[in-house]
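The numbering used here puts the first residue of the sequence shown at 389, with every later residue one more than the last. Notes to accompany the following structure.
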Amino acid sequence: MLKLTALFPIHSNNRGISGVFFSVCKEWQGPELKARMVVPSCDRECRGPNVVEAIPSFLRKLYYRSPSLPIIKTEKRFLKDLKDFDVAYLWPGLSVDIVKNVHKHSKPIFMEAVNSDQGASKRILDDAYSRLGLEPQHTITPKSIQDEKEKLKGVDFLFCPSPIVAKSFQEAGVPEEKLLLTTEGWSPERFPNYQSRKPPQEEVNVLFLGFACVRKGVHLLLRAWELAGIKGKLTIFGAMEPAIAQSCSDLLKRPDVVHFDYAVDYSSAYREADFFAFPSLEEGSALVIYEAMGHGLPILASPMGGGGIVRDGIDGIILEPYDTDAWVEGLRKLSSSPDLRAKMGASARQGALELTWPKVAARRKEQILQKMNMK
């Protein structure tokens, strides 16, 4: 049996990125691979015999007064019994020192890449804000780029959730043999009514779900929607970046654009939509794409937005994010053809059923065992 210890840097609630962490690791509890998870703290629903909370519950308020103390405490706890494990699995947001320390212990390191190489991401985002006449409003700095490079020097293998992510790291100098192509996944059990189908109606409902920000190309979608002149509505479901509210204020006031703030239960948004639009400029492999496909929604997305899982012409349509004319045509094409939506939606759902977390985790397990020469 291979004993793996996994380290995650922030409080975990089984949603978003921490949900990915738990969804994968909880499946690795068999005779070939057994995972232990170390986190600063977590919600009650995440607790279990293979989960270690580094910060005692009665000290949480004290530790979380500092942005750095929780990570320092968690990394220290992780190293405490590293000698008892065969392999380490590290997630973004950790220090350079933790990678160096694990490397000193001669433990193989698998690391998760949630997004593209930070240098590539910064170039994409700087350009996006510049086109809007705005100063960059992201958190990528020369130091964070350098820190990532330092970590990657000590990493043995890097899980990349899409081909575009893998390519970005390869172009940044990471040897191809270190890159493990994988996917993200989804949990059908979180959406009891995911198989419900919305009957075709005269007016379409196009859905964007996620943080409505420049990075995800919401401004591009709003402009294309205005030009498309479609009878229906564009639903934006998620918190909104001030840069979008500022630069797209006129478009957001349109009567056929509806905005809802994010809510924990957003399953109804999928069920009420006709198709999903996601022109992301920089992405790993967005979880909402998996969920939308699982709900039988055809996908209109950029290459980044499609996350490497949307098959162009089969599950949806892939378009370059800045090609406004193509987006206008894509919106019109899916809006005007219920039969095409039904065909693509059925294909998308079938594909998504192969991307549930147990199946994704099983494939990742095989990759780990192969790299550790246990297969």
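Every residue, glycine too, gets a C-beta built ideally from N, C-alpha and C. Note that the structure is a prediction, hence the values are computed from the model and not measured.
- Between L470 and the set C413, W613, I677 and V487, the nearest pair of CA atoms involves V487.
- Rounded to whole angstroms, the gap between the alpha carbons of S637 and V716 is 20 Å.
- One thing to note: V602 has its Cβ within 9 Å of the Cβ of Q525.
- Look at the segment 448-473 and you find these whole runs of alpha helix (DSSP H), each 4 residues long or longer: 448-451 and 457-468.
- A direct Cα-to-Cα measurement between E660 and P444 gives close to 43 Å.
- Taken in chain order, the complete alpha helix (DSSP H) segments of 4 or more residues contained in the segment 575-627 are 606-616.
- Where I706 is concerned, the enclosing beta strand (DSSP E) starts and stops at G704 to I706.
- Here the alpha carbons of R737 and N593 stand approximately 18 Å from one another.
- The continuous alpha helix (DSSP H) containing H491 extends over residues V484 to K492.
- One thing to note: L722 has its Cβ no nearer than 9 Å to the Cβ of E420.
- Under the DSSP assignment, E536 falls outside any beta strand (DSSP E), being part of the alpha helix (DSSP H) whose first and last residues are P530 to G542.
- Of R699, K537 and V645, the smallest CA-CA separation from K731 is found for R699.
- For L390, the CB contacts under 8 Å within the same chain, skipping 5 residues up- and downstream, are E420, L421, K422, D474, V475, I756, L757, M760 and M762 in chain order.
- Just measuring C-alpha positions, the residue of R720, G418 and R424 sitting nearest I618 is R720.
- Going by beta carbons, G620 and E577 fall outside the 9 Å limit.
- Excluding its 5 nearest sequence neighbours in each direction, L707 has C-beta neighbours in its own chain below 6 Å: A714, W715 and G718, listed in chain order.
- Annotation for T712: the continuous alpha helix (DSSP H) segment containing it runs T712 to S724.
- Excluding its 5 nearest sequence neighbours in each direction, I624 has C-beta neighbours in its own chain below 6 Å: F596, A600 and H647, listed in chain order.
- Taking a contact to require three or more Cβ pairs closer than 8 Å, the segment 577-586 and the segment 555-562 do not qualify as touching.
- Ranked by how close their Cα comes to the Cα of I528, the residues R511, V490 and A516 have R511 in first place.
- With a 10 Å radius around the Cβ and a threshold of 16 neighbouring Cβ atoms, A501 comes out buried.
- A Cβ-Cβ contact shorter than 9 Å links K461 with Y451.
- For I687, there is no enclosing alpha helix (DSSP H); the enclosing beta strand (DSSP E) covers residues I687 to A689.
- Nearest to G626 by alpha-carbon distance, out of F663, I705 and V676, is V676.
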